[in-house]
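Protein chains in written order, with our numbering: chain A, 60 to 284; chain B, 60 to 284. Comments concern the structure below.
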DNA sequence: TTGATCGTTCGATCGCCACCGAATTGTGTG
DNA sequence: CACACAATTCGGTGGCGATCGAACGATCAA
């Protein structure tokens, strides 16, 4: 099988709505059982089982058995990156008459692996760049000296030693870059620890707590309506 | 239509081998006619026309009319990036008994948009990092002071002003990063101007000229077999 | 052991779509 | 104008795969 036909067969796996739902449900890095994934995909358990077998065969998913449960997760970060890049091409909904509530929550703030995306992620990125704390280009970025001091005070300084901390990650809903990489992970973790944001049960969306509303405004001058 | 189903429909477009061939044939940025793409996809012109209509509708391709010819090209670099990321997941052929000649050429050296990939791209990246000219992490990278001097002497220094020059781009055939971004583009252009590499007519593969064999060995200590 | 839950396998149905050839439209050439 | 060529449209065919329900094996709790 040639490289191209193998690529096509991988893409075909993403091309089914049920499998696409399964994969996106796993994008936050959690491992879910077959039954939970059946619910996420909105198809019967038997159908889901078939999909999971194909995805595991293709090594898009890894599986771990625990008792009578089988936990599925993305086989590698590469898979998540692929999904985001396809989402970036698919682009945002072209002006829906009425925005879907769940989708709206995802657009406001969500996790992209270990960092923040959505409007919050983009706003945070804008705030840091405008303040001169980080310098971003379309294909890289770094923290300024002043930025290091700020991040240290904020409590989100990533491990030292390496000089490159951040990588822009194109946001599929905002179509603008947000901070990923180690800096993105450190920022997200700090916001969680401060209680500014909270993960939701069955979604990659995160909610901004009242404390977070105040904090983001005071520290970053961010006010998401 | 939800975000996920839109992603699925985009992925489904890549999931057909004929369309996958069409898209990869356009990955070097050239614009090709419907007939040429029919040949690349190995299906009839009528079938190709249908595929091209769907790809254009979905805005994966852009089309430009010139006389009685219609030239198709990728609608944006995002599309190319998506294809590379799917290839990275699809991974290299698991040890074929006999390597396909064309595929082998692609693995040796090819263009990935504006920079070099394949064994040559990876070897170049290794040489620059081992010499301490660039510092790469998995999500970013930059040129050292010593590296700036070296690149200036080599004639491949990218435009100054911005501090971040390079971005690692995962190689789908080697599964290792190579240098992309502005530095990658500058390196590829310099190698072309030096006559070390030459583009091939109908492929993204590039050939290493005799001058290139000598040059890569003398300057970077690279010797591909 | 019995019952309950999780997950897979099997068989059958059904719809979608890739494909081709022939006919058609549009454009440049002799 | 007649002809050649590029590209699309149309009608018909065929096959792949998504789906479900029912039955079955596996595991844990009582």
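A virtual CB, placed ideally from N, CA and C, is assigned to each residue, including glycine. Keep in mind that this is a model prediction, so the values were computed, not measured.
Check whether the Cβ atoms of residue i and residue j lie closer than 8 Å to each other.
i: residue 107 of chain A; j: residue 91 of chain A; result: no
i: residue 201 of chain B; j: residue 208 of chain B; result: no
i: residue 205 of chain A; j: residue 192 of chain A; result: yes
i: residue 181 of chain B; j: residue 117 of chain B; result: no
i: residue 65 of chain A; j: residue 72 of chain A; result: no
i: residue 175 of chain A; j: residue 246 of chain A; result: yes
i: residue 101 of chain B; j: residue 80 of chain B; result: yes
i: residue 134 of chain B; j: residue 119 of chain B; result: yes
i: residue 265 of chain A; j: residue 276 of chain A; result: no
i: residue 215 of chain A; j: residue 249 of chain A; result: yes
i: residue 283 of chain B; j: residue 179 of chain B; result: yes
i: residue 75 of chain A; j: residue 263 of chain A; result: no
Can you tell me whether DSSP reads residue i as helix, strand or coil?
i: residue 81 of chain B; result: helix
i: residue 182 of chain A; result: helix
i: residue 259 of chain A; result: coil
i: residue 154 of chain A; result: Confidence in residue 154 of chain A is poor, its pLDDT being 47 and thus under 50, which makes the residue's placement unreliable; the coordinate value appears in the next sentence. Coil, per DSSP.
i: residue 239 of chain A; result: coil
i: residue 140 of chain A; result: helix
i: residue 65 of chain B; result: helix
i: residue 193 of chain A; result: strand
i: residue 91 of chain A; result: strand
i: residue 148 of chain A; result: helix
i: residue 215 of chain B; result: coil
i: residue 248 of chain B; result: helix
i: residue 120 of chain B; result: strand
i: residue 268 of chain B; result: coil
i: residue 170 of chain B; result: strand
i: residue 253 of chain B; result: coil
i: residue 112 of chain B; result: helix
i: residue 127 of chain B; result: coil
i: residue 283 of chain A; result: coil
i: residue 97 of chain A; result: helix
i: residue 134 of chain A; result: coil
i: residue 222 of chain A; result: Model confidence at residue 222 of chain A stands at a pLDDT of 41, short of 50, so the residue's coordinates are unreliable; what they give is reported in the following sentence. Residue state, collapsed to three classes: coil.
Rounded to whole angstroms, what is the Cα-Cα separation between residue i and residue j?
i: residue 221 of chain A; j: residue 147 of chain A; result: For residue 221 of chain A, the pLDDT reaches just 46, beneath the cut-off of 50, and the residue's location in the model is therefore unreliable, leaving the point undetermined.
i: residue 240 of chain B; j: residue 143 of chain B; result: 15 Å
i: residue 157 of chain B; j: residue 170 of chain B; result: Only weak support is given to the placement of residue 157 of chain B: the predicted model assigns it a pLDDT of 44, under 50, and the question is left unresolved by the model.
i: residue 83 of chain A; j: residue 63 of chain B; result: 8 Å
i: residue 164 of chain A; j: residue 274 of chain B; result: 55 Å
i: residue 115 of chain B; j: residue 145 of chain B; result: 20 Å
i: residue 149 of chain A; j: residue 137 of chain B; result: 10 Å
i: residue 255 of chain B; j: residue 279 of chain B; result: 13 Å
i: residue 131 of chain A; j: residue 93 of chain A; result: 7 Å
i: residue 183 of chain B; j: residue 128 of chain A; result: 47 Å
i: residue 61 of chain A; j: residue 251 of chain B; result: 28 Å
i: residue 270 of chain A; j: residue 281 of chain A; result: 13 Å
i: residue 236 of chain A; j: residue 185 of chain A; result: 9 Å
i: residue 126 of chain B; j: residue 104 of chain B; result: 18 Å
i: residue 210 of chain B; j: residue 124 of chain B; result: 41 Å
i: residue 203 of chain A; j: residue 267 of chain B; result: 40 Å
i: residue 109 of chain B; j: residue 109 of chain A; result: 31 Å
Nearest by alpha-carbon distance to residue i: which of the options is it?
i: residue 85 of chain B; options: B:253, B:122 and B:237; result: B:122
i: residue 243 of chain A; options: A:89, A:187 and A:263; result: A:187
i: residue 272 of chain A; options: A:104, A:203, A:167 and A:60; result: A:167
i: residue 67 of chain B; options: A:105, A:141 and A:87; result: A:141
i: residue 177 of chain B; options: B:89, B:104, B:103 and B:238; result: B:238
i: residue 139 of chain A; options: A:126, A:124, A:105 and A:89; result: A:89
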